[in-house]
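Peer 1:
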Ligand code: UFG
């Protein structure tokens, strides 16, 4: 058995897929999750897929005392992967304080615990949103960060800045920030996937919910962007590819292969697809006609975002393998499974 890794938000969408990949690579895992936007069922699913039940601590990381207690219990943790955060863009515009409180207090409490318990390795779940409206495409890690449109996005940018300061001041702390583009897809088993609370904000869960009959139609937010078909272009990435990158990042820190105390990597495929292309591919892959209507633009959407992938390929030796059809097929399998359950 390799080292013990703490995964905050490990019952959630990206977290649960990452726990599976960690277990498959021989790591022991401890999930810390308050289950505010995830389910304890993920634990059983992880066990069903891997044969291993992760340790589990139901804790809200915004509570400093409780956060310290988990570290006191798991003193042998060698690295922390921090996913736990609120993530709904629209909700963050309405309740910015809730977002700053939750997302930043939890980070600060974790970093304080890392300092106290001398845990030297930290992986942060960041987002392409830190680039704001990029001036160059594809987006490289050298692109200057900009103030993101939403308070949610800003919590990611501020968190990276906090990490940068803390890593500089600490004698022994190394961190990697992974900037995700648009994660979609689900585990091939169909046992875990994305399950948004209420009305989905994001394109893929909205599409699958329309196709399965929960929502009437997809609203396409604008077809007058300066792109090939007028709809915005995004870099969709399979969540399992994304999860694997986290395992590689953890190993990079554990084996002290990092070249700076704080490193940043984009995680995308480098390939952009428009909203219409996603809809057409969905219809083709699932043989289902999708009900949709073009409506006005959504505030804050940028025309095009796709990643330069060279740095992750060179330094992490990681490259996304799964294409759009595989992403869509797995999202669809998951949606059908989860609804079949009742
Ligand atoms: N879209 C629709 N209809 C919908 C939902 C989305 O047309 O019902 C379109 C959006 O306009 C956009 C594309 O589908 O062009 C993708 O939208 P998503 O909401 O799925 O993804 P975003 O690129 O807007 O959001 C992602 C992450 C956020 C992050 C943001 C900014 O999900 O966490 O990128 O980088 F903040």
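Residue numbers (the working numbering): 26 to 367. C-beta: ideal position from N, C-alpha, C; glycine also.
1. Once you ignore the five residues that flank residue 92 on each side, which residues in its own chain have a CB closer than 6 Å to its CB?
2. Of all the alpha helix (DSSP H) runs that stay within the bounds of the stretch 279-346, which reach a length of 4 or more residues?
3. What is the DSSP secondary structure of residue 32, counted as helix, strand or coil?
4. Counting Cβ pairs, one atom from each stretch, are 3 or more of them under 8 Å apart for the stretch 267-275 and the stretch 37-54?
5. Return yes when at least one heavy atom of the ligand UFG lies under 7 Å from the C-beta of residue 293, else no.
6. Check this for me: beta carbons of residue 287 and residue 192, under 8 Å apart or not?
7. Enumerate, from N- to C-terminal direction, the unbroken beta strand (DSSP E) stretches of 3 or more residues contained entirely within the stretch 216-249.
8. Is residue 44 helix, strand or coil by DSSP?
9. With a threshold of 8 Å on Cβ separation, who are the neighbours of residue 333 within its own chain once the five nearest residues in sequence on each side are excluded?
10. Looking only at its chain, what residues have a beta carbon closer than 8 Å to the beta carbon of residue 129, apart from the 5 residues adjacent to it on each side?
11. Tell me the rounded alpha-carbon separation between residue 367 and residue 84.
12. Between the stretch 95-104 and the stretch 63-71, do three or more beta carbon pairs fall short of 8 Å?
13. Helix, strand or coil for residue 184? Go by DSSP, reduced to three states.
14. Would DSSP call residue 257 helix, strand or coil?
15. Look up residue 74 in the DSSP assignment and say whether it is helix, strand or coil.
16. Whole angstroms are fine: how far does the CA of residue 300 sit from the CA of residue 242?
17. Less than 6 Å between C-beta atoms, sequence neighbours within five positions excluded: which residues of the same chain meet that for residue 59?
18. Quick one: what does DSSP say residue 107 is sitting in, helix, strand or coil?
19. Bridge partners for residue 54 per DSSP, in chain order?
20. Within the same chain, show all residues whose beta-carbon is closer than 6 Å to that of residue 359, passing over the 5 residues directly before and after it, in chain order.
21. Could you tell me whether any non-hydrogen atom of the ligand UFG is closer than 7 Å to the CB of residue 202?
Peer 2: Taking the geometry as given:
1. 86, 134, 138
2. 300-311
3. strand
4. yes
5. Residue side-chain check: residue 293 keeps its Cβ at 7 Å or more from all non-hydrogen atoms of the ligand UFG.
6. yes
7. 243-246
8. helix
9. 163, 164, 165, 166, 291, 295
10. 180, 183, 184, 187
11. Because the pLDDT at residue 367 is just 39, under 50, the model does not fix this residue reliably, and the point stays unresolved.
12. no
13. helix
14. coil
15. helix
16. Residue 242 and residue 300 have their C-alpha atoms roughly 14 Å apart.
17. Closer than 6 Å at the Cβ level, and outside the excluded window around residue 59, lie 85.
18. strand
19. 30
20. 211, 215, 218
21. no
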